[in-house]
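Below is one structure; the comments refer to it alone.
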């Protein structure tokens, strides 16, 4: 694509996003978009053959950006809690960028109009469960994994409930300035309040063990279908690679460095096996606790690995 063509496509994207948010998706025509861009309608159709294709492009852009930022938040050497807060911060920034457009979609259910492209299985299945919003599904899968990392596998049945809490508070924080007339809320302060609310809710759920309001049967397909799940299988190996890099530059005794690297090699080989041995994996994780420089990454790695071992044992 030439620079001029790419520039025009970006202009169309930005103008369409603005008009959809301002007027509504159904009330905005391709002619409206062309006029706001200062292009002919023919020029517009050279880049997007229909309004549905343009909406799909906005979706793909939003999903791609959100996916990349969420994975980046999880790829750094952070604890599980730090990862979750970083992911929520990413979600807040994404909501700020696409808030009006997404709210308009949720009100109009306009994304159902492009449902065939986003959810190809829907037509074959006939009537049934309503389509899930791909942007929110992407965020849910990532946040679910972080929740398990913080609170353990026993929190998983409540992943849907806690995701509602996170998304509800996130949307509400953003609405404070619009509907309540409050000054812009500092993001760090919003995250601290959200963290307190999340901890309190998780603690009570684990203590009382009520029936989940949003049962796993409603979101199990999301986890299986989302493309992110393919990269999830690589997550332990990404963390192991990061741990090797950390060891390489950390001031450790030569014997300690060699022992830690050997432990990581054994762990990596065991996890690569179709039937990893739990005793070996737990032994290697225990050895890694001796290396203080690996504690942050180990806090992320251990719950993920043990949760997957539990899944393998139950399958």
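Residue numbers (the UniProt record's numbering): 1 to 315.
C-beta: ideal position from N, C-alpha, C; glycine also.
Values in this document were obtained by computation on a predicted structure and should not be read as measured data.
Exercise for the section: Buried or exposed for residue 144, please, with buried defined as at least 16 other CB atoms from any protein chain shown within 10 angstroms of its CB. Expected result: Here residue 144 is taken as the residue at index 144 of the chain shown, counted from 1. Here residue 144 is buried, its C-beta having at least 16 other C-beta atoms within 10 Å.
Problem - Test item: CB-CB of residue 80 and residue 303 under 8 Å - result: As a working note, residue 80 is residue 80 in the chain shown. As a working note, residue 303 is residue 303 in the chain shown. Between residue 80 and residue 303, the C-beta spacing is below 8 Å.
Exercise for the section: Inspect the beta-carbon positions of residue 300 and residue 152 and report whether they are closer than 8 Å. Expected result: Mapped onto the chain shown, residue 300 falls at position 300. Mapped onto the chain shown, residue 152 falls at position 152. It is not a contact, given that the beta carbons lie outside the stated cut-off.
Problem - Where the alpha helix (DSSP H) containing residue 273 begins and where it ends - result: Numbered from its first residue, the chain shown carries residue 273 at position 273. Annotation for residue 273: no alpha helix (DSSP H) segment contains it, and DSSP assigns it neither H nor E.
Practice task
Classify residue 89 as helix, strand or coil using the three-state DSSP reduction.
Solution key: Indexing the chain shown from 1 puts residue 89 at position 89. It is helical.
Practice task
Give me the Cβ distance between residue 260 and residue 298, rounded to the nearest whole Å; I'm assuming they're in contact under 8 Å.
Solution key: On the chain shown, position 260 is the one that residue 260 refers to. On the chain shown, position 298 is the one that residue 298 refers to. Contact between residue 260 and residue 298 is absent: CB atoms are separated by about 11 Å, not below the 8 Å threshold.
Handout entry: Inter-residue CB distance, residue 324 and residue 83 (contact presumed, cutoff 8 Å)
Key = This structure leaves residue 324 out entirely; the chain is present only between 1 and 315.
Handout entry: Helix, strand or coil at residue 216 according to DSSP, with G and I counted as helix
Key = Stepping through the chain shown from its first residue, residue 216 is reached at position 216. Per DSSP, reduced to three states, the secondary structure at residue 216 is helical.
Practice task
From the DSSP output, in three-state form, read off residue 243 for me.
Solution key: Taking the first residue of the chain shown as position 1, residue 243 is located at position 243. Secondary structure of residue 243 (DSSP, three-state): helix.
Practice task
Within 10 angstroms of the Cβ of residue 10, are there 16 or more other Cβ atoms? Answer buried if so, exposed if not.
Solution key: Looking up residue 10 in the chain shown gives position 10. Counting Cβ neighbours within 10 Å, residue 10 comes out exposed, since fewer than 16 surround it.
Practice task
Tell me where the alpha helix (DSSP H) around residue 205 begins and ends.
Solution key: The residue given as residue 205 occupies position 205 in the chain shown. DSSP places residue 205 inside the alpha helix (DSSP H), whose first and last residues are 187 to 208.
Handout entry: Pair within 8 Å by beta-carbon distance, residue 281 and residue 309
Key = Position 281 of the chain shown, counted from the start, is the residue given in the question as residue 281. Position 309 of the chain shown, counted from the start, is the residue given in the question as residue 309. Residue 281 places its beta carbon less than 8 Å from that of residue 309.
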